[in-house]
Amino acid sequence: MRIGIIGLGVVGSSVAQILQTNQDVIAARAGEEIIPVIGAVRNLHKSRADVTFRLVDDVNVVLNDPTIDTIVELMGGIDEAYVVAQKTLRAGKNLVTANKAMLAYYRYELQEIAGKIPIGFEASVAGGIPIIKALRDGLGANHILEICGILNGTCNFILTNMFLHNMPYATALAKAQELGYAEADPSFDVGGFDAAHKLLILASIAYGIDAKPDSILIEGITDISEDEIAFAREFGYSLKLLAIARKVGNEVELRVHPAFVPLSEMISRVDGVMNGISVVGDCVGETMYYGAGAGGKATASAVISDLIEIARCKSTPMLGFKKSLESGLVLREKDSIRSRYYLRLDVADEAGVLAQVAQILSSENISIRSLLQPSSQKGAKILLSTHLCNEKHIKSAMDKLATLQFVRHAPVMIRIKDSQ
Numbered sequence: 200m201r202i203g204i205i206g207l208g209v210v211g212s213s214v215a216q217i218l219q220t221n222q223d224v225i226a227a228r229a230g231e232e233i234i235p236v237i238g239a240v241r242n243l244h245k246s247r248a249d250v251t252f253r254l255v256d257d258v259n260v261v262l263n264d265p266t267i268d269t270i271v272e273l274m275g276g277i278d279e280a281y282v283v284a285q286k287t288l289r290a291g292k293n294l295v296t297a298n299k300a301m302l303a304y305y306r307y308e309l310q311e312i313a314g315k316i317p318i319g320f321e322a323s324v325a326g327g328i329p330i331i332k333a334l335r336d337g338l339g340a341n342h343i344l345e346i347c348g349i350l351n352g353t354c355n356f357i358l359t360n361m362f363l364h365n366m367p368y369a370t371a372l373a374k375a376q377e378l379g380y381a382e383a384d385p386s387f388d389v390g391g392f393d394a395a396h397k398l399l400i401l402a403s404i405a406y407g408i409d410a411k412p413d414s415i416l417i418e419g420i421t422d423i424s425e426d427e428i429a430f431a432r433e434f435g436y437s438l439k440l441l442a443i444a445r446k447v448g449n450e451v452e453l454r455v456h457p458a459f460v461p462l463s464e465m466i467s468r469v470d471g472v473m474n475g476i477s478v479v480g481d482c483v484g485e486t487m488y489y490g491a492g493a494g495g496k497a498t499a500s501a502v503i504s505d506l507i508e509i510a511r512c513k514s515t516p517m518l519g520f521k522k523s524l525e526s527g528l529v530l531r532e533k534d535s536i537r538s539r540y541y542l543r544l545d546v547a548d549e550a551g552v553l554a555q556v557a558q559i560l561s562s563e564n565i566s567i568r569s570l571l572q573p574s575s576q577k578g579a580k581i582l583l584s585t586h587l588c589n590e591k592h593i594k595s596a597m598d599k600l601a602t603l604q605f606v607r608h609a610p611v612m613i614r615i616k617d618s619q
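Each residue of the sequence shown is one higher than the one before, counting from 200 in the working numbering.
Put into structure tokens, the structure is as follows:
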């Protein structure tokens, strides 16, 4: 197999290196040699010691090379990468991509264009964890009841350091940036968008649902403080950014947000930059996948696994199904989500405050499950959790609480993941 690589950054360079150093074992598993013959880069003058093949700065030179039968797209971005992917497929060439952002918007369009042409995208979700093959192939006999994943190593590193080492959010973020786990502008990660793109890809395979990022609930970790960490310790939780897909009747619930996770659950023990994904099938029950979710070699490993699969001539549909999957499923409205919730209220230290808070929650049919009032020199704080209620009602209660004269800052809300 002769391949062209578009984009030779950290992942692309690792792909080139592994194809060279592990050439024998890869060829044995693929049944043929996988040979990179040309690559497209933005800067031809940058030193690339691991790259021994021809480089160009025009992607069309790679796309139009008649000797290339597979394109590996590692350029990043959305629209430009989508154009490259379309040209690749329309030229009859196989496509392997690690581009989660592009797939979050255009996965169904690419499957339609591809027809029987293989598309590999294992590297687009959770780095070196083979979760796409697990969902598409290993769990193919199951109706998927729930996917719950820690899909962003940057957020998990920050929350782990806040929980285990008492770091404030800003300090943990700075440490992540210092170690190269977070970008100078970390908003895509800490805002939950990276995890949301990955969740949409997994939900397509599990449920055949074509949702876009703008249609689902996405919240990040920027509002989390030491108060949430104290609440978690007091009531036996860890705090994680979760990506959740859940089948509820004929609806699919998709959401990304911080959540308190009971310490009894396996996913609560996924720490640092690692990723972990729990999948519940109606036949197999719960299965758990754990490993490196990012990094050059881990992601390159997933890219090469797709190349090996294509070399073996396995031509399955991109998303794992030829006919409409789970016919009749629709995306659940965000306001219909049901959960338990945590609220943090910064209030004036006055008599009757708690009674008014309880009255507002009661007016929305929300009952309090637990309550913590840590001491503060700057007024008073109320940390509470609720029993199960609707997203619509908790948001209405939050709006009402924010208007009270004694509430000094906007209330903070985090969902609580209960054991299913």
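Positions of the beta carbon are idealized from the N, C-alpha and C atoms, including for glycine.
Close beta carbons around residue i, own chain, < 6 Å, minus the five adjacent residues each side
i, result
"Val226", "As written in the sequence, residue 226 is Ala, which differs from the Val given in the question. Once the five neighbours on either side are set aside, the close Cβ partners of Ala226 are Glu232."
"Met361", "Ala371, Ile428"
"His342", "Asp481"
"Met274", "Ile205, Gly206, Ala280"
"Ile349", "Asn355, Lys439, Val469, Asn474, Gly475"
"Ile267", "Arg201, Gly203"
"Gln619", "Low per-residue confidence applies at Gln619: pLDDT is 49, beneath 50, and the placement is therefore not dependable, though the value from the model is reported in the following sentence. None."
"Asn221", "none"
"Ala579", "Val546, Asp548"
"Ala442", "Gly348, Leu350, Ala394, Leu398, Val455"
"Ala493", "Gly326, Gly352"
"Ser386", "none"
Reduced DSSP category for residue i - H, G, I as helix; E, B as strand; rest coil
i, result
"Met366", "coil"
"Ile292", "A quick correction: the sequence has Lys, not Ile, at residue 292. Here Lys292 sits in coil by DSSP."
"Tyr380", "coil"
"Met612", "strand"
"Pro235", "strand"
"Asp673", "Any property of residue 673 remains undetermined from this structure, which presents the chain solely from 200 to 619."
"Lys446", "strand"
"Thr287", "helix"
"Val240", "coil"
"Asn355", "helix"
"Ile343", "strand"
"Ile349", "strand"
"Asn360", "helix"
"Val214", "helix"
"Val552", "helix"
"His338", "The residue you asked about is not His; residue 338 is Leu in the sequence shown. Coil, per DSSP."
"Val483", "coil"
"Val606", "strand"
"Arg511", "coil"
"Leu518", "coil"
"Leu309", "helix"
"Ile415", "coil"
"Leu372", "helix"
"Arg228", "helix"
Beta-ladder partner(s) of residue i, from DSSP
i, result
"Asn259", "DSSP lists no partner for Asn259."
"Tyr488", "Ile476"
"Pro461", "Tyr436"
"Leu542", "Leu583, Met612"
"Leu530", "Val451"
"Ser569", "Ser584"
"Thr269", "Ile202, Asn293"
"Ile318", "Leu294"
"Asn589", "Arg537"
"His396", "BP columns for His396 are empty, so no partner."
Own chain partners of residue i with C-beta closer than 8 Å, once the 5 adjacent residues on each side are dropped
i, result
"Ser212", "Arg247, Asp249, Val250, Gly495"
"Ala229", "Met200, Leu506, Ile507, Ala510, Arg511"
"Val283", "Ile205, Val258, Leu262, Ile270, Glu272, Met274"
"Val324", "Lys299, Ile330, Ile331, Leu350, Lys397, Ile400, Leu401"
"Ala383", "Gln376"
"Lys365", "What sits at residue 365 in the sequence shown is Asn, not Lys. Glu425, Ile428, listed in sequence order."
"Tyr304", "Ile277, Tyr281, Lys411, Pro412"
"Arg607", "Asp545, Val546, Ala547, Gly578"
Integer-rounded CB distance, given that residue j should sit under 8 Å from residue i
i, j, result
"Ala501", "Gly326", "6 Å"
"Glu345", "Val479", "4 Å"
"Val236", "Phe252", "6 Å"
"Leu528", "Val451", "5 Å"
"Ser535", "Asn449", "Not really, about 12 Å apart at Cβ, beyond 8 Å."
"Ile466", "Ser538", "Not a contact, Cβ separation roughly 16 Å."
"Ile415", "Leu453", "4 Å"
"Glu321", "Ser504", "6 Å"
Other residues of its chain near residue i: CB distance less than 7 Å, five sequence neighbours each side excluded
i, result
"Ala596", "Ile559, Leu560, Glu563, Ile565"
"Ile417", "Gly391, Phe392, Ala395, Val455"
Residue i: CB within 7 Å of a non-hydrogen atom of the ligand HEM
i, result
"Ile476", "As far as ligands go, the structure on display features none, and thus does not contain the ligand HEM."
Any chain C beta carbon closer than 8 Å to residue i
i, result
"Lys411", "Annotation note: the requested chain C is absent from the structure, which comprises a single protein chain."
Is it true that the region 540-548 meets the region 606-619, where meeting means three or more beta-carbon pairs spaced less than 8 Å apart? yes
Is it a yes or a no for the region 323-339 touching the region 392-403, going by three-plus beta-carbon pairs under 8 Å? yes
Should the region 556-574 be regarded as contacting the region 418-434, the criterion being three or more beta carbon pairs within less than 8 Å? yes
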